Structures are given as C-alpha cells and as structure tokens.
Amino acid sequence: MGQQVQSRFRVGQARRVFFEHGGIPSGGVPGTILDSWRRCQRMGIAPETGDGAEPLPAPRLRELRERHASLWQLARAELDGLSADVAAAGSIVLLTDADGWILDAEGSPRFLDKAGRVALMPGVCWSEAQVGTNAIGTAIAEGRAVEVRGGEHYRPPHGILSCFAAPVHDPSGQLVGVLDLSGEASVQHVHAPGLIRRAVASIEHRWFAAGIPDAQLLRVHHDPALLGTAREGLLAFRDGRLVAANQAGLALFGLERGAIGRAPYAALFDAPPARLRDDGRLVDRRGRVLHGRLDETPAAPRTPPAARASMPTSPPRPRPDGETALFDARQRAELDRARRVLDAGLPVLLLGETGTGKEVFARALHRCCARAGKPFVAVNCAALPEGLIEAELFGYEDGAFTGARRHGSPGLLRQADGGVLFLDEIGDMPPALQPRLLRVLQERELSPLGGGKPVKLDFALICATHRDLEAAIADGRFRADLYYRIAHHVASLPPLREHPERARLVRELWQGIGEGRPLDAAALAVLAGHDWPGNLRQLVACLRTLAALSDPGDTIGIAQLPGWLRPGPRPAASPASPPATAAPAEGRLEALALAAMRQALADCGGNVSRAARVLGVSRSTLYRRLGNGG
Numbered sequence: 008m009g010q011q012v013q014s015r016f017r018v019g020q021a022r023r024v025f026f027e028h029g030g031i032p033s034g035g036v037p038g039t040i041l042d043s044w045r046r047c048q049r050m051g052i053a054p055e056t057g058d059g060a061e062p063l064p065a066p067r068l069r070e071l072r073e074r075h076a077s078l079w080q081l082a083r084a085e086l087d088g089l090s091a092d093v094a095a096a097g098s099i100v101l102l103t104d105a106d107g108w109i110l111d112a113e114g115s116p117r118f119l120d121k122a123g124r125v126a127l128m129p130g131v132c133w134s135e136a137q138v139g140t141n142a143i144g145t146a147i148a149e150g151r152a153v154e155v156r157g158g159e160h161y162r163p164p165h166g167i168l169s170c171f172a173a174p175v176h177d178p179s180g181q182l183v184g185v186l187d188l189s190g191e192a193s194v195q196h197v198h199a200p201g202l203i204r205r206a207v208a209s210i211e212h213r214w215f216a217a218g219i220p221d222a223q224l225l226r227v228h229h230d231p232a233l234l235g236t237a238r239e240g241l242l243a244f245r246d247g248r249l250v251a252a253n254q255a256g257l258a259l260f261g262l263e264r265g266a267i268g269r270a271p272y273a274a275l276f277d278a279p280p281a282r283l284r285d286d287g288r289l290v291d292r293r294g295r296v297l298h299g300r301l302d303e304t305p306a307a308p309r310t311p312p313a314a315r316a317s318m319p320t321s322p323p324r325p326r327p328d329g330e331t332a333l334f335d336a337r338q339r340a341e342l343d344r345a346r347r348v349l350d351a352g353l354p355v356l357l358l359g360e361t362g363t364g365k366e367v368f369a370r371a372l373h374r375c376c377a378r379a380g381k382p383f384v385a386v387n388c389a390a391l392p393e394g395l396i397e398a399e400l401f402g403y404e405d406g407a408f409t410g411a412r413r414h415g416s417p418g419l420l421r422q423a424d425g426g427v428l429f430l431d432e433i434g435d436m437p438p439a440l441q442p443r444l445l446r447v448l449q450e451r452e453l454s455p456l457g458g459g460k461p462v463k464l465d466f467a468l469i470c471a472t473h474r475d476l477e478a479a480i481a482d483g484r485f486r487a488d489l490y491y492r493i494a495h496h497v498a499s500l501p502p503l504r505e506h507p508e509r510a511r512l513v514r515e516l517w518q519g520i521g522e523g524r525p526l527d528a529a530a531l532a533v534l535a536g537h538d539w540p541g542n543l544r545q546l547v548a549c550l551r552t553l554a555a556l557s558d559p560g561d562t563i564g565i566a567q568l569p570g571w572l573r574p575g576p577r578p579a580a581s582p583a584s585p586p587a588t589a590a591p592a593e594g595r596l597e598a599l600a601l602a603a604m605r606q607a608l609a610d611c612g613g614n615v616s617r618a619a620r621v622l623g624v625s626r627s628t629l630y631r632r633l634g635n636g637g
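Under the numbering used here, the residue at position 8 of the sequence shown is numbered 15, and the numbers go up by one with no gaps.
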C-alpha cells in the first residue's frame, strides 16, 4: 500500500509539472507516458475534459462488429476464456479494432458498470486523438504493449482505471486490433501483462491455421515440445522472401515487423526449407538447430477439384499481402496504381455499385500505402444524421449548439490526422456542406464549430460513391470544384457478377464465415453461379445466414441453400432487371438468423449456454443479437 501511495504522489507531481507549469517532469511517469502526453497536447486535446463520448447507436455498432467479424471470431475463444478469469479479479477484457473502437467488453459486471461511467464500453473510440493517453490508444500509437495506470491517463476522470493493452497483428504484420485488460486503479494487476500477451499470441497463432496461400510456412522452435503451440515460430516465405510471420517467429531472429515483405530466406537459414520435411530440423545462419515442420499451401485453384465432393474449411485467414478474396488480378493491379497515387499525396476516388466492396478496397489500400499503421478513419456520409454531419466531421467547441457534449468533440477529420481519411458515399453529402469540406481539403486546416482555434491536418484522402457524380454535377447536387479536388485518380470496382473467379471468392469467404463447416461442391457451384445483384454485401449476408442456420459439423449442400438460390424453373427475367425475388433483403436474412436463435433458446428451455453450444456461437453473441435484434 505504501508503494502505491508513493507512486500516486510521484504521478501527481509529474502532472502538476506538465499540465500546470508547462514543464517536462524528471521521473514520475515512464517515457512512453510522457511521449503520449506530448502527442495529445500537440493535438490540442484538453486534459480537463473527459466524461466520455456517447457510444454508437446499436445499428452502427452492429455494422462495426460485422466489418471486423474475422478479428472477432479469431479472438472469441480468448475473450471467453479471459472473461471468467478477470471477472474474479474485478476486471474486464476489451477487444478493439485498429482505430481504437471498442468491439466487445466482458468480465466483472460491477466493473463494467464503473467503466461505463467513463465510456469504456463497446461503441466508443478510445484512440489517443479521442480521449488522450490510455492503454488502448497509446498501444496503437506506439505499435506495442502499453500499461497506463491511474493518473498516467491524460484526462483525470480516467484515473480510476489501470489498463494493460497489446496490439494484435495479422500475418502480414499489419495492426488489426487491440486486446486490453482494465481494472481498478487502486488494485495491483500484476497478472495483466502475462494474460494479455499470451492471449494475443494465441490469436495471432490461430490466424495461421489454414496456412498462407502459395507459400511455404515454417513452424519452428528450439524445443520440439512447443511445436503446435502459440509459442512456436511461424515464418512464411514466397519466392524466397518473408511474407508473413508471428511475433515468436520474428523474435527467433531478432527481426521487427517491418522485415515482413523484405527479409530474404537465404539471410536467415543455411539449408533449404525441404530439410524440415526430410528430418524435422533446420539449421539457421547462426548455426542453431531448430525443430519443426514445413506446411505448403498452394494457390487456390480457379475451379474446385472434381475429385473432392465437399470442401473442408478452416478459420479465416487474411492474405499476407493485404489483399482479400475479392480481388482478382485486375483489381490487384488497380490497387497498386491507387497506392502510387495515394503515396504521391493525391486523392483517390472509388466508383462502384452498392455492395461491391469499396471500403474493403479502401482498407486494403491503407494497409499497403506509406501510411499503413496510422489511423484509418471511415466516414459514411450517407449514414450521419443530416443535422449533425457538420459537427461529427469538423468537431465543435463546448456550447457550440444545443445538445452538444460538454467540453466539445475533436471531430472525425481530426482523428484521421497522420493517416487515411475515407469518405464513403460522398455523393450523398448535403450540398450545403460541400463548400466547407472543399476548403478543408484545399487548406488542410479546420476550425471547429463554435469558434475554436484552427487545427492543421495531414491525411491521405480516399472517397467512394455509387452515384454518377458527373450527372449530379449537371443537376446541381454536387459541386464541380469538389469533384475535381477528389477525383485525381478514379478506380472503378466491377460488380460481383463480373468477377472472373467467383468460385474462389465464395470458397475463401466461407472459410472465414463457416466456422469449419464443409461446403458441398454442388452448393459451391450454385453460389458461384448466382449473379448477386446486391454484390459482395448480399453474398456475405447469405453465407452468414447459412452458418447461423446450421449446426457445427454440418455439410452445407443444395438442400440448405435458400429457396431463391436452389436450381429449378424460375420466371424469365431481363438481365438488366432481375426479379424482386432474386435476393431477399438483408433484413430478411437477419430475421432468419434471429428466428433460429430464438428457436434454439426455446428448445433448450431458456438455457443460454446450451443454446449457444447448439448454434455454435458464444453466449455473449446470443445475448447481444437477441438483445439488439429483438
């Protein structure tokens, strides 16, 4: 207890030197904390604020979770396992995306309520730009594990928290999320670093479960007993170059994540990878003997092999080069062109039908551009309330308008500083707001509503729309000067019906959604042969419904497909005008999934745990879906 008092005293002294006197404290707080304070100060964040932001409305939170479904699925086992452990200690565990948006929070009900008082809850962004120094946001900014205790938080209300957070990386080394353990600041959480680090290692290890496409995956360790565990080193090579690795694999050779994509195989090992297949051992350039095995995953074929009646699947795997199954060779070339434009400081405009994956493309572009690892802020211009869109984008000062949050808000544009700003559905931006956006894009400076001090901005710009902007200009609905400002390079995304490798696309999407359920070759052919007028969004909704309505281990065949997809006589229709019954609305698919969950709960006599096991989902998923969806 005496040490805690002394620590709080030293932190208090450091805060007075920094915040009250504008000095640089000597000791009192770690260098990481002081660096974060300085960053927050440069961003103009006021330390005296901080009663927390309002969480996203339930529909937008569901949308956010769906956008990061792969990360959530991979982390689900760790969240479930940790929640029971940390609840006993009066703590909670949280999962966020790469931008700091909290996707899930579980653990002690008592502390969940207390954390909610400072908006540490799902649907709130805990980036440094939003709330100042905190474990989640600072871990994202630093790219490494961070502990923030009590008064080390930038804003005093957050001093009730003691938090440890570690970033989660995908196989290509890109930061995709954060795992955090938070509890009472008055309690020593000595277990937190070990628990979180082990959980993150397990999540990152699980990402390699299906191998890396068209690559040689080496599973190595000095101790053969640790092979197959999260402590084994994983290094994937393609054409003699490292394209994917986990932290354990990088640590074996003292490499940073920046070595992914650059480090040659010959610089690390003294013998070819085949040696692992021959005798289970491999000697590195330092003369060390490593035990292991070699997994070779060929590139996915264009058509499923005829000899296979069904297709076994495995957990989702991001492609190591940042691409997704959506991208064919043409789109990969377009992605490279767009990257060059973005890296030159010029904006990129994405055009495509609704559901073609414009945000998927934008996020892939962010991952491969020079600003990878910096913030990616996506703004749906069509989803923001018309009366609040200006405040949400540009931020506002305290008292700027009736209903404004106390102490104001920095705004979404400011959150993108240093990174990439993605303005989705820009064609739906109200005409009255377009001149102000144009000024911000031209001057890279904004003034919050209510007369705040102008703030300089630095971000790369990606815009997207399904609208015909040239027609909108002719009608007076879109400014010509704004169009020319955002359309330096235009990338057109083709509809799903034009994708040349739909079978591969369906197969890889199902691997991330099906949770191990086999997909029959005949069902795959039907899914691949459909035109999908709703494009990728409609296809993904259909696959998710198939997973929700089946039991673990079930084979998905033609009989399990929705009636509108099954082969058989159907009314003739013009290619340009598909019948209204060609695809149900996403709302109908969601309703089917919710109905299945309610039926399972009824069949299990109201036992949530048993119903969750029957459905193959977690308890929290069942609570959340039935709570939000009815």
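Idealized CB from N, CA, C, for every residue including glycine.
From a predicted model like this one, the values you see are computed outputs, not experimental measurements.
Less than 8 Å separating the beta-carbons of Leu259 and Gly240? yes
Per-residue burial, Val18 [other beta carbons within 10 Å of its own, 16 or more giving buried]: buried
Gly130 and Ser115 - do their beta-carbons sit closer together than 8 Å? no
Tell me which same chain residues have a C-beta within less than 8 Å of the C-beta of Ala579, skipping the five on either side of it? Summary for Ala579: the model assigns pLDDT 42, below 50, so the residue's position carries little reliability; its value from the coordinates is reported in the next sentence. None.
Following the continuous beta strand (DSSP E) through Asn387, name the residue where it begins and the one where it ends. 383 to 387
In its own chain, which residues sit with a C-beta less than 7 Å from the C-beta of Ala313, not counting the 5 before and 5 after it? Residue placement at Ala313 cannot be trusted, given a pLDDT of 32 that sits under 50; what the coordinates show is reported in the next sentence. Contacts found: none.
Rounded to whole angstroms, what is the Cα-Cα separation between Gln422 and Glu341? 27 Å
So if DSSP puts Asp431 in a beta bridge, which residue, or which two residues, is it bridged to? Asn387
Among all the DSSP beta bridges, which residues are the ones paired with Glu154? Phe171
Where do the N-terminal and C-terminal ends of the beta strand (DSSP E) with Ser189 fall, by residue? 182 to 191
C-alpha distance - Val355 paired with Glu515, whole-angstrom precision: 28 Å
Could you check what DSSP says for Phe26 in three-state terms: helix, strand or coil? helix
Go through its chain and collect everything with a Cβ distance to Arg245's Cβ below 7 Å, but skip five positions before and after it. Asp221, Ala222
Please determine, among Gly35, Leu301, Pro461, the residue with the shortest C-alpha to C-alpha distance to Gly158. Gly35
Quick one: Cα of Ala377 to Cα of Asp350, how far? 6 Å
Spatial neighbours of Arg595 in its chain, beta-carbon cut-off 7 Å, leaving aside the 5 residues before and after: Residue confidence for Arg595 is low, a pLDDT of 48 falling below 50, so the modelled location carries little weight; the figure read from the coordinates is stated next. If we look at Arg595 and ignore the five residues flanking it on each side, it has no Cβ neighbours.
I'd like the span of the alpha helix (DSSP H) that includes Ser209, first residue to last. 199 to 213
Does the contact criterion of 3 or more C-beta pairs under 8 Å hold for the stretch 478 to 498 versus the stretch 516 to 536? no
What does the Cβ neighbour count give for Val185, buried or exposed, with the cut at 16 atoms within 10 Å? buried
Would the stretch 209 to 218 count as touching the stretch 281 to 291 if we require 3 or more Cβ pairs under 8 Å? no
Selection from Leu400, Ser189, Gly426 that minimises the alpha carbon distance to Pro437: Leu400
Please report the straight-line C-alpha distance between Val24 and Ala152, rounded to a whole angstrom. 26 Å
Neighbourhood of Ala494 by C-beta distance below 7 Å, restricted to the same chain and skipping five residues each side: Leu356
Taking the CB atoms as reference points, tell me whether Gly560 and Arg524 lie closer together than 8 Å. yes
Regarding Arg245 and the ligand COA, is the C-beta to nearest heavy atom distance less than 7 Å? With respect to the ligand COA, the structure offers nothing, as it holds no ligand at all.
When the Cα of Ser193 is compared with those of Leu572, Leu464, Arg15, which residue comes out closest? Arg15
Which of helix, strand or coil does DSSP assign to Ala148? helix
Give the secondary structure of Ser179 by DSSP, where H, G and I count as helix, E and B as strand, and everything else as coil. coil
Does the contact criterion of 3 or more C-beta pairs under 8 Å hold for the stretch 366 to 384 versus the stretch 462 to 473? yes
C-alpha distance - Pro32 paired with Pro164, whole-angstrom precision: 21 Å
Specify, as a first and last residue, the run of the beta strand (DSSP E) that Glu113 falls within. 109 to 114
When DSSP labels each residue in this structure, what does Gln441 get in the three-state scheme? helix
What's the call for Asp111, buried or exposed, on a 16-neighbour Cβ count within 10 Å? buried
Would you give the residue range spanned by the alpha helix (DSSP H) that Asp5 belongs to? Lying before the first or after the last residue shown, residue 5 is absent from the chain, which here runs from 8 to 637.
When DSSP labels each residue in this structure, what does Glu522 get in the three-state scheme? coil
From the DSSP output, which residues share a beta bridge with Gln223? Phe244, Glu303
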